[in-house]
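In the working numbering, the protein residues as written are 5 to 397.
No residue lacks a Cβ here, since even glycine has one placed at the ideal position from N, Cα and C.
Quick caveat, the model's predicted, so the values are computed rather than measured.
Next up, the structure:
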């Protein structure tokens, strides 16, 4: 967690030659501008301009200038770049030329959600479980449809060929200040999962964006392609992004159930943002991806699972519908706002559903609320949602 002065000192003492000013577009894809150390002071005092009209959804050519203002607390060395002439990265806030916050900046939207939670005495913590496939590259460096291995869930070498890649990813994450908790082969051939420690909402979202870039970079360095899309192979497990949420309250009250009830109440409205591409809806409803708005303890066929824990301090909500194509800043903000709404209204989640919803008959499932089954339906629901309109411009 660096300050402005420490960043300026660090660039000199550690031979930093390039500073990447990073931000995300509306889909959560990381973008950046590289500047030289001589421009760093200007970046902090005035910001560095970029053409917002070239970023989908950010603006048009009439008023196209926006400015990046680096957040010094996010300074991180890119460990795969040379040690002589280091490259560092900082996430940025996006502002108009007059200094106003750019309202479509996902990081700003999340900051507003965090501030509202703080006003209610609530602190939210997030942890992410990312799944991804590793595919072979052809002679031209393009992805093929051939997976890196044919291993299955938690297999080991030699069947699991990805263990050294995951090892290298974990070491690079550690070098960047992100602590992995576990890694293993997932159910699909060539499918992997790496989980990292939870943290407060903003750093957790920064870490999620960083994680994807590290995985994709290390995969390429090993002659592979890392695929985070929700359904890379039609007849195999999809890629999920299980989002774990825990909360702490300054007043000592237990708001866990009300917070969870808020997420359940707004799950359908949020789906267009948690599952933002057409392929997202080929994943939902099969192979441990939920279809219905239900909850239960330990049951992996539900939208929300409450994992078994030995200590109350690890009690958390596991939201199982999102996939890695979501924008983490937007996703975490929506979850916070939904949970806070549950607390404000004193909502209760109802009785848990302990059935296996993948094999349950229609007598049970016909009475349940379903998630949208296409992106078009999800977008229509979101566009008509008062809850969504209150959050986004």
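Give the DSSP bridge partners of residue 173, in chain order. BP columns for residue 173 are empty, so no partner.
Residues bridged to residue 356 by DSSP? In the DSSP output, where bridge partners are listed per residue, residue 356 has none listed.
Please state whether DSSP places residue 134 in a helix, a strand or coil. strand
Residue 133 versus residue 198 - alpha carbon distance: 6 Å
Unbroken stretches of the alpha helix (DSSP H), 4 residues or longer, contained in the stretch 5-29: 8-17
By a C-beta neighbour count over all protein chains shown, 10 Å radius and 16 as the cutoff for buried, is residue 268 buried or exposed? buried
May I ask you to report which of helix, strand or coil DSSP gives residue 81? strand
Against chain D, does residue 311 count as a neighbour if the rule is that its beta carbon must be under 9 Å from one of theirs? Any reference to chain D falls outside this structure, which holds one protein chain only.
Which full runs of the beta strand (DSSP E) of 3+ residues lie inside the stretch 287-337, going along the chain? 299-301, 308-310 and 321-323
Are at least three pairs of beta-carbons, each pair with one atom in the stretch 128-143 and one in the stretch 198-217, less than 8 Å apart? yes
What would DSSP say about residue 73, mapped onto helix, strand or coil? strand
Sort 356, 322, 239 and 230 by Cα distance to residue 250 and report the nearest one. 322
With DSSP run on the structure shown, which of helix, strand or coil describes residue 254? coil
Here's a check: name, in chain order, each residue in its chain whose Cβ is nearer than 7 Å to the Cβ of residue 186, leaving out the five neighbours to either side. Within the same chain, 199 come within 7 Å of residue 186 by CB-CB distance, once the 5 residues on both sides are set aside.
Leaving aside the five residues before and after residue 1 along the sequence, list all residues of the same chain whose C-beta is less than 6 Å from its C-beta, in chain order. It is not possible to answer for residue 1, since the shown part of the chain is limited to 5 through 397.
CA-to-CA distance, residue 259 to residue 357, given in whole angstroms: Each residue's alpha carbon lies about 21 Å from the other.
Using the rule of at least 16 other Cβ atoms within 10 Å of the residue's Cβ for burial, across every protein chain shown, is residue 66 buried or exposed? Per the 10 Å Cβ criterion, exposed.
So the alpha helix (DSSP H) residue 91 belongs to, where does it begin and stop? First-last for residue 91: 90-99, but that is the beta strand (DSSP E), not the alpha helix (DSSP H).
State the start and end residues of the unbroken beta strand (DSSP E) segment that holds residue 53. 52-55
Note the first and the last residue of the continuous alpha helix (DSSP H) segment covering residue 220. 205-225
Could you say which of 393, 307 and 295 lies nearest to residue 338 if we only look at CA atoms? 393
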